[in-house]
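Undergrad: Have a look at this one before I ask anything.
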Amino acid sequence: MSRSLIPGLRSLRTPAFGADPAGARLARIRRSPNFSVAEGSFQNPVGARIRPSGSTMEFAKIYFRKEERVRRGPAGTVPVHATTLADLAKPPADGLRITWMGHSSVLAEIDGRRVLFDPVWGERCSPFSFAGPKRLHPVPVPLAALGPVDAVVVSHDHYDHLDMPTIKALAGTDTVFAVPLGVGAHLERWGVPADRLRELDWHESAEVAGLTLTATPARHFCGRGLRNQQHTLWASWVVAGPEHRVYHSGDTGYFPGFREIGAEHGPFDVTMVQIGAYSEFWPDIHMTPEEGMRAHLDLQGDDPARGLMLPIHWGTFNLAPHPWSEPGEGTLAAARRAGARIALPCPGEPFEPTARTVPTAPWWRGVAVVPDGGWPELPAPGGARATTTDSGDQEAAPVA
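In this note's numbering, each residue's number is its place in the sequence shown (first place is 1) plus 105.
If you want it as structure tokens, here you go:
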């Protein structure tokens, strides 16, 4: 690289880019069994292409084609649950409650403790305030109104999972931050004290407020900068309390390790699994809804009656060529085929995974571009079949 270009690139590196690991942190990274010194980067549990495959021209043609572009966003206002704070003011009946805030941000209340996964309250998932994917719906609850959380868990350092303004706001609280190896460098630059960091390699655990937080493998990659050194790890997470346990996938492609995670740490009351922002151009690092359901079943020992699945990583940011509504529709269809329980809350709608009923209506249909041929039929309670109108409303019809 030309010496004359280096000062210009450094001037572009705003605080949002974070910091590179150094010193004792970098030495620990290089000792990790998951880090290849020869390649200078962390390695996936199975091989993965982390750069888009195929023709760049073909991808651009698909991504910017007008008819596809229209389908990649909602056609109306995304519904956000109106009474989140009031609902959260009451304790969960069985000690476990989940609130999806959009994308991969989830508040999990577990046995009297509160854990916030991948909190992104910013308007854009980008290092810049003027560019990058913009939020498609408002956050359901202001961060300051959410109240104390015992732990913040971060899956990896991509902008749609690690948001500087959100972390800086949380740095002023008493919460503990659990992050994969190397990610602590970003948080320290943004004001998180070292003694409130729990920086873990895969298969390492930390005890926080009576909960056990364990970093588990994922198939993805890392990086925030213009020159990505691959010196931060990515992870999925298991959080176990005295009575309940949950799993958060972060970002990941499908791989056989889900079965091993389930055998060692499961079964889970709820799995929060990535099912959005997939593409044939990057098939190894994000899952389709069908792959997400397969991962859920692997995690639960192939028993569809165990726990339920919450689809995450969709609905909030436009990050891939697929239609905005497709991840929800695909998860609904995959769950029906597998006979598995799923929850489909709109952003900010709390639910209790162990309750008899959870939100399952396809709320997105009322604000999405209707696909060619209309919406598929849905099963209705009581053995009837539901037909769905263009607005997303359901009408029960007798089974033929």
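Cβ atoms here follow ideal geometry from the backbone N, Cα and C, with glycine treated the same way.
Being a predicted model, the structure only gives us computed values, none of them experimental.
(1) Starting from Met55, trace the alpha helix (DSSP H) in both directions and tell me its first and last residue.
(2) Assuming Leu413 is part of the beta strand (DSSP E), what are its boundary residues?
(3) State the CB to CB distance for the pair Leu404 and Thr376, rounded to an integer number of angstroms; the pair is presumed to be in contact (CB under 8 Å).
(4) Between the beta-carbon of Thr278 and the beta-carbon of Asp255, is there less than 8 Å?
(5) Using only the alpha-carbon positions, how far apart do Arg294 and Asp262 sit?
(6) Would you check if the segment 200-217 and the segment 244-251 touch, i.e. whether three or more CB-CB distances between them fall below 8 Å?
(7) Counting only runs that start and end within the segment 217-304, where is the alpha helix (DSSP H) found for 4 or more residues in a row?
(8) So, helix, strand or coil for Leu483, using DSSP?
(9) Thinking just about the alpha-carbon of each residue, which of Gly181, Gly287, Met398 and Phe282 is nearest to the one in Ser146?
(10) Below 6 Å CB to CB, which residues in the same chain sit around Thr337 once its five sequence neighbours on both sides are set aside?
(11) DSSP state of Gly453, grouped into three classes?
(12) What is the DSSP secondary structure of Ile447, counted as helix, strand or coil?
(13) Using a Cβ-Cβ cutoff of less than 8 Å, which residues in the same chain neighbour Val142 once the five nearest sequence positions on both sides are dropped?
(14) Would you list the residues sitting across from Phe422 in a DSSP beta bridge?
(15) What is the rounded straight-line gap between the Cα of Gly123 and the Cα of Ala236?
(16) Could you check whether Ala340 and Ala323 sit closer than 8 Å to each other, using their CB atoms as the reference points?
(17) Could you check the C-alpha separation between Thr494 and Tyr352 for me, to the nearest Å?
(18) In terms of residues, what are the limits of the alpha helix (DSSP H) holding Ile203?
(19) Report the three-state DSSP secondary structure of Leu131 (helix, strand or coil).
(20) For His353, which three-state DSSP category applies?
(21) Compute the beta-carbon to beta-carbon distance between Pro285 and Ala320, rounded to the nearest angstrom, for a pair I have assumed lies under 8 Å.
(22) Any beta carbon of chain B sitting closer than 8 Å to that of Arg229?
(23) What's the C-alpha gap between Ala299 and Ala132?
(24) Closest to Ala129 by CA distance: which of Ala400, Pro197, Ala290 and Ile155 is it?
(25) Let me know if Phe233 comes out buried or exposed under the rule of 16 or more other beta-carbons within 10 Å of its beta-carbon.
TA: This is what the structure gives:
(1) Outside the shown range of the chain, which is 106 to 505, sits residue 55, and nothing can be said about it.
(2) Leu413 to Ile417
(3) Contact holds; Cβ gap of about 5 Å.
(4) no
(5) 13 Å
(6) yes
(7) Listed in chain order, the complete alpha helix (DSSP H) runs (minimum 4 residues) inside the segment 217-304 are 269-276 and 289-294.
(8) strand
(9) Residue Gly287 is the option with its Cα nearest to Ser146.
(10) Asp262, Gly287, Val288 and Cys327
(11) coil
(12) Strand at Ile447.
(13) Result list for Val142: Arg135, in chain order.
(14) Bridge partners of Phe422: none, in fact.
(15) Spanning the two alpha carbons is a distance of roughly 18 Å.
(16) yes
(17) Because Thr494 carries a pLDDT of 41, less than 50, the predicted location of this residue cannot be relied on, and the following value inherits that uncertainty. So the two alpha carbons sit approximately 35 Å from each other.
(18) From DSSP, Ile203 is part of no alpha helix (DSSP H) but of the beta strand (DSSP E) over Leu201 to Gly207.
(19) helix
(20) Looking at His353 - three-state DSSP - the assignment turns out to be strand.
(21) 6 Å
(22) Included in the structure is just one protein chain, with no chain B present.
(23) 17 Å
(24) Ala290
(25) Around the beta carbon of Phe233, fewer than 16 other beta carbons lie within 10 angstroms, which makes this residue exposed.
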